[in-house]
Each structure stands twice: as structure tokens, then as C-alpha cells.
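Chemist:
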Amino acid sequence: MKHLSKFLVIVLLSSCASTKIIELGSKATIKGTEVSEKALDIFTLLSQQANIDKSQQDKIKVLTNPDPATMRLPDTKVQDFSKEIAPRVKAYQSLLSTYKAFTLLTDSKYGDKIQESVSALQESYNLIKNLPNLPTTVSTKLPGVSKIITQAIQAKKIKVHNQILFSLTQLYITLWDEDQKIWNDYIDRIYNDYAQSLNSVSSKRYNAKKISENSNEPYSDESTVILIYRLDKRDKIIKQKNEIKNQFNDFGKALKELNQVHGEISKSKTNVTDVINMLSSIENLLKQK
Amino acid sequence: MEEQLKLTLSQAIGEFNSNRAAILLLAHTTGGQAAVIKVEQEYDALRDAYFEILRRQLDKNNHLYEQLITAANSETEKLKASINQLNNINDITNLATAVINLVGRSLIVLGI
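Chains as they are written, first to last, in the working numbering: chain A, 1 to 289; chain B, 1001 to 1112.
Shown next, in the form of C-alpha cells:
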């Protein structure tokens, strides 16, 4: 009896741990999906930059031409990066597919399904009159124990796959860290060139009256009105640039947190609090700011 | 070497940006719209070169992304196998239920 009690306590504790791992695995896979989707959003954003750059450069050509009345309509070459973006998009689409498959593994249905199946099995067995009915203790405990065993198998598999996902996301981090510096240079080039060139445009090209009509600023002097407008314009361009670069940064950090989540879940003794904190941190990093 | 070239190009482009209107005005004074176009083409060439370096730097990792796709797809297959194993536990129990039901029916039919 004493041994039976000990066994039941062990089974119960194991059940709690398995349920927690399945739950954490499920949350990790949701965040993994969100991080992969964020990556795809970033590459969509990057693929839009070539046309933004073309449009900005065309505009600058008009604004800095000494005699726009005689100039040809500008048509700056589009800086095409689609060949570079394509393999990266494919890689994150593959990661997204991996997380979609992982979602199925972390589904809590397996334990419930087996419980139902074992109950049905017992019922069928007991319905056969010629076979002795199962003892009541077995009948009441068997479906639950079967569920616990299935959950334990499921939890073990979740740990093993988290170990693989830990290694896999580590590779994604290494490549993203290398790429991010280059993408930062790309964004700096596009937005700095625009902002710096706009600064060189002659003030004569601006209509102070028109600016005042659309402004709440309390200035009357034309030069001041124009300069304040130009400062605002410059700040907006720099803000736009920094917002894109911040998205790169936050994505990189979220990917690193996700990697740590997988590492922690794969450990034999998972620190649940750490995992929950890291999942929450990913959520904050992926929020639109 | 590549980084140094990038830096040099970046400085040249930045210098042009800051004085763009003045440089183009000077070009226009000396050679009209044709000179302006020529200067702009030189500037575009500098930017082309800069972007080409970025492309080359990114291309260096392209083959690694191919490997990453293979690794991710392999993990997806492993996950599917694990999911199948979990489904199999249930399938086996369901099969056992079906077998027992069949045994029950056989016993009734045979009147044992």
C-alpha cells in the first residue's frame, strides 16, 4: 500500500511536469510562429525600399536641378535586391512551416484522446460477458494513467524538439547578425542620401505662404517658416529610417529570446519562470511601437 | 578592403549630397543641362558601386540560407514523425478496441 501511494505521488508529479512542458511548448511555438512572421514582414519592408529610394532620388533630381524647366523627367535606376531577399524569405518560410508542425506536437489533445480511447477499450472489454470484468481500481485508474503516460511521451518529444529548435534558431541568429549590419547600411544609404540632398536644396524653391497655410507654427518671418519646415521634414526622414532599423534590432532580440526559450525548455529541469519571462519579452519586442 | 572601399564611397556620396545643389549649379553654368546629367550619372555610379558591395556581402551568405532551408525542412519532417508516433498510440488503442468488439461479436455468433 505504501509503495502504491509512492507510485501514485510520482505519477502525479510527473503528470504536472508533463502538462507544464506541453503548455510551455505550446506557448513557445506560438511565439516561434510570430517571430517567423515578423521576419517575413521585415523582408517585405526591405523589398519596398528599392522603389522608395527610386522615388526619393527622382524627386531630389528635380529639386536640385538648376533649371527644371529644361530638364528631362528623371528615371533613376531601381536598386534591385530581390535576388538577395528571396533566399532569406524562403528560409523564414521554412522556419514558419517548422513552427506550424511544432504546433501539432504541442497540442493537448493527445492525452485527452488516449483517455477516451482507453475508456472505450475498457467498455468494449467489459461488454463481453464471457470475459471477467476488469477490477474497479483498474477501470477507474487506467484511462487517467494512459493519459499521463501519453503526456509524458509527448513532453519528452517536446524537449527533444526544443533542443533541435535551439540549434536551428542559433543558425538563424548567426546569419541575421551578419545580415543586419548590411541591411542597416542599406537603409542608412537610402534615407541619409535623401535627407542630406534635401538639405542642399535652395530655400528659394520653397513657398513660405503655402507652408504657413498648413502649419500651426507661430512664425511670420519667411526664412524661419521655411527653415522650420525643412527641419521637420529632415526629422521625419530620420525618424522613418530609425523606425525601420529599430524593427531590425527588435526582431534580432526576439529571435535570441526565442532561442533561449528553446534552450530552457530542452533542459531536464526547466525553469518555468525564466521561460515565461522570455516569452513575455518576445511579445513586447514584437509589438508595433 | 571591401569595408574600406565602402567607407570611401560613402564619404564621397555624403559630400556630394551635402553640396548637391551647388555642384549641379556649377555644372549647369559651365555646360548646361548636359553637364548636370553627366554629374548626376557620376553620382549614380557611386551609389551603384556602394549597393553592389552590399549585394556581394549579402550574396556571401546565400548558400548558408540554402542550408538553413534544408535544416528547417528536415526538422519539420522529424516533427511530423513525432506527431505520427503520438497518433499511433491512439490508433493502436482504437485498433485494440475494434479487435475486442470483433471478439465479442464472434463469441455471440458462436454462442460460446
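Just so it is clear, CB atoms sit at the ideal spot from N, CA and C, and this is done for glycine as well.
#1: Could you tell me which chain B residues have their CB closer than 7 Å to the CB of Asn65 (chain A), listed as they occur along the chain?
#2: Does Asn1019 (chain B) come out as helix, strand or coil in the three-state DSSP assignment?
#3: Start and end of the alpha helix (DSSP H) containing Gln301 (chain A)?
#4: Within 10 angstroms of the Cβ of Gly1005 (chain B), are there 16 or more other Cβ atoms? Answer buried if so, exposed if not.
#5: Can you check whether the CB of Gln57 (chain A) is closer than 8 Å to the CB of Asp76 (chain A)?
#6: Under the rule that 16 or more other beta-carbon atoms within 10 Å means buried, what is Ile276 (chain A), buried or exposed?
#7: May I ask whether a heavy atom of the ligand NAD can be found less than 7 Å away from the beta carbon of Ile276 (chain A)?
#8: Check the Cβ of Glu84 (chain A) against every Cβ in chain B and list those closer than 7 Å, keeping chain order.
#9: Just by C-beta distance, which residues in the segment 269-287 of chain A are closer than 8 Å to chain B?
#10: Apply the 10 Å Cβ neighbour rule to Lys31 (chain A) and answer buried if 16 or more other Cβ atoms are within range, or exposed otherwise.
#11: How many Å lie between His161 (chain A) and Ala1081 (chain B) at the Cα?
#12: Residue range of the alpha helix (DSSP H) that Asp274 (chain A) falls in?
#13: Run through chain B and tell me which residues come within less than 7 Å of Ile182 (chain A), C-beta to C-beta.
#14: Quick one: which chain A residues come within Cβ less than 9 Å of Gln1033 (chain B)?
#15: Which of the three DSSP states, helix, strand or coil, is assigned to Leu73 (chain A)?
#16: Once DSSP output is grouped into helix, strand and coil, what is the label at Lys181 (chain A)?
#17: When the distance is taken between beta carbons, is Leu175 (chain A) closer than 8 Å to Tyr1065 (chain B)?
#18: Does DSSP put Glu1077 (chain B) in a helix, a strand or coil?
#19: What residues from chain B crowd round His262 (chain A), counting only those whose CB sits closer than 7 Å?
#20: Mind listing the chain A neighbours of Leu1076 (chain B)? Cutoff is C-beta to C-beta under 7 Å, in chain order.
#21: Alpha helix (DSSP H) containing Ser212 (chain A): first to last residue?
#22: Give the residues of chain A in contact with Glu1066 (chain B), contact being defined as C-beta atoms less than 7 Å apart.
#23: DSSP on Lys1060 (chain B), reduced to helix/strand/coil?
#24: Whose C-alpha, out of B:Ile1013, B:Lys1038, B:Thr1008, B:Ala1022, is nearest the C-alpha of Ser200 (chain A)?
#25: Output the boundary residues of the alpha helix (DSSP H) element that contains Gln93 (chain A).
#26: What number of angstroms, rounded off, separates the C-alpha of Asp1048 (chain B) from the C-alpha of Gln79 (chain A)?
#27: Would you say Thr1093 (chain B) faces chain A, with C-beta separation under 8 Å as the test?
#28: Does the beta-carbon of Lys38 (chain A) have 16 or more other beta-carbons within 10 angstroms, so that it is buried, or is it exposed?
#29: If we count the other Cβ atoms within 10 Å of its Cβ and call it buried at 16 or more, is Lys1038 (chain B) buried or exposed?
Modeler: On the basis of the supplied data:
#1: Along the first sequence, read from residue 1 onward, the residue named residue 65 (chain A) stands at position 65. Residues of chain B passing the Cβ test: Leu1024, Val1036.
#2: Taking the second sequence and counting its residues from 1, one reaches residue 1019 (chain B) at position 19. Looking at Asn1019 (chain B) - three-state DSSP - the assignment turns out to be coil, as it is neither helix nor strand.
#3: Because chain A is modelled from 1 through 289, residue 301 (chain A) falls outside the range shown and cannot be assessed.
#4: Along the second sequence, one-based indexing puts residue 1005 (chain B) at 5. The sequence shown places Leu at residue 1005 (chain B), rather than the Gly named in the question. Looking at its Cβ environment, which holds fewer than 16 other Cβ atoms inside 10 Å, Leu1005 (chain B) is exposed.
#5: Taking the first sequence and counting its residues from 1, one reaches residue 76 (chain A) at position 76. Taking the first sequence and counting its residues from 1, one reaches residue 57 (chain A) at position 57. Per the sequence shown, residue 76 (chain A) should be read as Thr rather than Asp. Yes. Within cutoff.
#6: Residue 276 (chain A) sits at position 276 when you count from the first residue of the first sequence. Its Cβ having fewer than 16 others within 10 Å, Ile276 (chain A) is exposed.
#7: This structure lacks the ligand NAD, and indeed carries no ligand of any kind.
#8: As a first step, residue 84 (chain A) is located in the first sequence; it is residue number 84 there, counting from the start. In chain order: Arg1055, Leu1058, Asp1059.
#9: none
#10: Stepping through the first sequence from its first residue, residue 31 (chain A) is reached at position 31. By the neighbour-count rule (16 or more Cβ atoms within 10 Å), Lys31 (chain A) is buried.
#11: What you label residue 161 (chain A) is simply residue 161 of the first sequence in a count that begins at 1. What you label residue 1081 (chain B) is simply residue 81 of the second sequence in a count that begins at 1. C-alpha separation (whole angstroms): 11 Å.
#12: Within the first sequence, residue 274 (chain A) is the residue found at index 274, counting from 1. Run containing Asp274 (chain A): 272-286, per the alpha helix (DSSP H) assignment.
#13: As a first step, residue 182 (chain A) is located in the first sequence; it is residue number 182 there, counting from the start. Per Cβ cutoff of 7 Å: Leu1054, Gln1057, Leu1058.
#14: As a working mapping, residue 1033 (chain B) is identified with position 33 in the second sequence. The contacting residues are Asn65, Pro66, Asp67, Thr70, Met71, Arg72.
#15: As a first step, residue 73 (chain A) is located in the first sequence; it is residue number 73 there, counting from the start. Here Leu73 (chain A) sits in coil by DSSP.
#16: Along the first sequence, read from residue 1 onward, the residue named residue 181 (chain A) stands at position 181. Looking at Lys181 (chain A) - three-state DSSP - the assignment turns out to be helix.
#17: Here residue 1065 (chain B) refers to the residue found at position 65 when the second sequence is read from its first residue. Here residue 175 (chain A) refers to the residue found at position 175 when the first sequence is read from its first residue. Yes, the Cβ-Cβ distance between Tyr1065 (chain B) and Leu175 (chain A) is below 8 Å.
#18: Stepping through the second sequence from its first residue, residue 1077 (chain B) is reached at position 77. The answer is helix: DSSP assigns Glu1077 (chain B) an H, G or I state.
#19: Numbered from its first residue, the first sequence carries residue 262 (chain A) at position 262. Within 7 Å Cβ-Cβ: nothing; His262 (chain A) doesn't reach chain B, min ~11 Å.
#20: The residue given as residue 1076 (chain B) occupies position 76 in the second sequence. Note that residue 1076 (chain B) is Thr in the sequence shown here, rather than Leu. The contacting residues are Ser97, Thr98, Ala101.
#21: Residue numbering aside, residue 212 (chain A) sits at position 212 when the first sequence is read from its first letter. 208-213 is the extent of the alpha helix (DSSP H) around Ser212 (chain A).
#22: Residue numbering aside, residue 1066 (chain B) sits at position 66 when the second sequence is read from its first letter. What Glu1066 (chain B) touches in chain A: Pro87.
#23: Stepping through the second sequence from its first residue, residue 1060 (chain B) is reached at position 60. Three-state result, Lys1060 (chain B): coil.
#24: On the first sequence, residue 200 (chain A) is found 200 positions in, with the first residue counted as 1. Per the Cα distances, B:Ala1022.
#25: For the purposes of this step, residue 93 (chain A) is taken as residue 93 along the first sequence, with counting starting at 1. Counting along the chain, the alpha helix (DSSP H) containing Gln93 (chain A) begins and ends at 82-105.
#26: Here residue 1048 (chain B) corresponds to residue number 48 of the second sequence, with the count starting at 1. Here residue 79 (chain A) corresponds to residue number 79 of the first sequence, with the count starting at 1. If you take the alpha carbons of Asp1048 (chain B) and Gln79 (chain A), they lie about 8 Å apart.
#27: Indexing the second sequence from 1 puts residue 1093 (chain B) at position 93. Yes, because at least one Cβ of chain A sits closer than 8 Å to the Cβ of Thr1093 (chain B).
#28: Here residue 38 (chain A) corresponds to residue number 38 of the first sequence, with the count starting at 1. It counts as buried.
#29: The residue you call residue 1038 (chain B) lines up with position 38 of the second sequence. Answer is exposed; the Cβ neighbour count stays below 16.
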